[in-house]
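Numbering (our numbering), first residue to last: 204 to 437. Here the structure comes first, spelled out in structure tokens, and everything after it is commentary.
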């Protein structure tokens, strides 16, 4: 009995599963894709060596690299090389600096935060502010947020170049070592706490100009029976 294909055609040109569904079923997101470097300059395959003896022609052309004397008994499958290079997706048109977005995943899911900018990795830099809803400066994937029509004027906020992906990087080796040794969790850096207060101060001053905006940021998003997100206007 032959194996049934994962995806078949309903009609010519129309498959039963979409590209994203096929991608998920094959678990292609778990396979690391590496770019293939350009081939190096081809080296000489043959070389000329001197041969002793008057009747041997004095010179002879031989392969530069000898062939292996032993070969595997079975064919070893070679991994397929992928020439695809991961590209950073552009920022959605509905998300601009100062847009209030709703988090859909993570420990802060359901909370409303303020988007500040897009980092080089493609992730969004957002903040609660921390004083309002407890969300600190953090990175989130724009695929897991809902952009709302509410915006805050953050033109007075100047983000330094230090707010990049390296700013949020943690040392995994030190974290695991402290966990295994039973040590207490290290204190939060004072420099990052000062950065949080500086960013939140500007946002809170801008939010105070709009009535009830601070209460809007502190409330969480949720759905009840009979509410459908596709029929809502955020």
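Just so it is clear, CB atoms sit at the ideal spot from N, CA and C, and this is done for glycine as well. No experiment lies behind these values; they were computed from the predicted model shown.
| Segment contact, 8 Å Cβ cut-off, at least three pairs: the region 310-321 with the region 251-262 | no
| request: Scan the region 317-351 and note each continuous alpha helix (DSSP H) run of 4 residues or more that stays entirely inside, going in chain order. | output: Qualifying alpha helix (DSSP H) stretches, in chain order: 333-336.
| residue 263 - DSSP class collapsed to helix/strand/coil | Here residue 263 refers to the residue found at position 60 when the chain shown is read from its first residue. Three-state result, residue 263: strand.
| Applying the criterion that 16 or more other CB atoms from any shown protein chain within 10 Å of the CB defines a buried residue, is residue 254 buried or exposed? | Position 51 of the chain shown, counted from the start, is the residue given in the question as residue 254. Around the Cβ of residue 254, a 10 Å sphere holds fewer than 16 other Cβ atoms; the residue is exposed.
| What three-state label does DSSP hand residue 233 in the structure shown? | Your numbering for residue 233 matches position 30 in the chain shown. Reduced to three states, the DSSP call for residue 233 is helix.
| field | Helix, strand or coil at residue 353 according to DSSP, with G and I counted as helix | value | For the purposes of this step, residue 353 is identified with residue 150 of the chain shown, where counting begins at 1. Residue 353 falls in the strand class under three-state DSSP.
| query | Which residues share a DSSP beta bridge with residue 315? | reply | As a working note, residue 315 is residue 112 in the chain shown. In the DSSP output, where bridge partners are listed per residue, residue 315 has 305.
| task | Indicate whether residue 419 and residue 330 have their beta-carbon atoms separated by less than 8 Å. | result | Stepping through the chain shown from its first residue, residue 419 is reached at position 216. Stepping through the chain shown from its first residue, residue 330 is reached at position 127. No, the pair does not count as a contact, with Cβ atoms beyond the cut-off.
| query | Which residues in the same chain have their Cβ closer than 8 Å to the Cβ of residue 368, if we skip the five residues on either side of it in sequence? | reply | Counting from 1 along the chain shown, the entry for residue 368 is found at position 165. Taken in chain order, the residues that qualify are 322, 323, 324, 326 and 342.
| request: List the residues that DSSP assigns as beta-bridge partners of residue 218. | output: The count along the chain shown starts at 1 and reaches residue 218 at position 15. Beta-bridge partners assigned by DSSP to residue 218: 212.
| task | Assign residue 231 to buried or exposed, taking buried as 16 or more other Cβ atoms, counted over all protein chains shown, within 10 Å of its Cβ. | result | Taking the chain shown and counting its residues from 1, one reaches residue 231 at position 28. Classification of residue 231: exposed, given that the 10 Å Cβ count is below 16.
| query | Mind checking whether residue 410 and residue 355 have CB atoms under 8 Å apart? | reply | Mapped onto the chain shown, residue 410 falls at position 207. Mapped onto the chain shown, residue 355 falls at position 152. Yes, Cβ-Cβ distance for residue 410 and residue 355 is below 8 Å.
| message | Measuring only the C-alpha atoms, how far is residue 403 from residue 332? | response | Indexing the chain shown from 1 puts residue 403 at position 200. Indexing the chain shown from 1 puts residue 332 at position 129. Whole-angstrom Cα-Cα distance: 5 Å.
| Are the CB atoms of residue 288 and residue 238 nearer to each other than 8 Å? | Start at 1 with the first residue of the chain shown, and residue 288 comes out as number 85. Start at 1 with the first residue of the chain shown, and residue 238 comes out as number 35. Yes; because the gap between Cβ atoms is below 8 Å, this pair is in contact.
| query | Do residue 298 and residue 424 come within 8 Å of each other at the CB atom, strictly closer than that value? | reply | On the chain shown, residue 424 is found 221 positions in, with the first residue counted as 1. On the chain shown, residue 298 is found 95 positions in, with the first residue counted as 1. No.
| said: Just to check my reading of the structure: residue 357 and residue 405 have Cβ atoms closer than 8 Å, yes? What is that Cβ distance to the nearest angstrom? | reply: The residue given as residue 357 occupies position 154 in the chain shown. The residue given as residue 405 occupies position 202 in the chain shown. Yes, residue 357 and residue 405 are in contact; Cβ-Cβ is about 7 Å, under 8 Å.
| task | For residue 360, count neighbouring C-beta atoms within 10 Å of its own C-beta (all shown protein chains included) and say buried if the count is 16 or more, exposed if not. | result | Taking the chain shown and counting its residues from 1, the one referred to as residue 360 is at position 157. Buried, since its Cβ has 16 or more Cβ neighbours within 10 Å.
| query | Candidates 286, 422, 269 and 400: which alpha carbon is nearest residue 336's? | reply | Start at 1 with the first residue of the chain shown, and residue 336 comes out as number 133. Looking at the Cα atoms, 422 is the closest of the given residues.
| With 16 other Cβ atoms within 10 Å as the buried cut-off, status of residue 150 | Any question about residue 150 goes unanswered here, given that the chain covers just 204 to 437.
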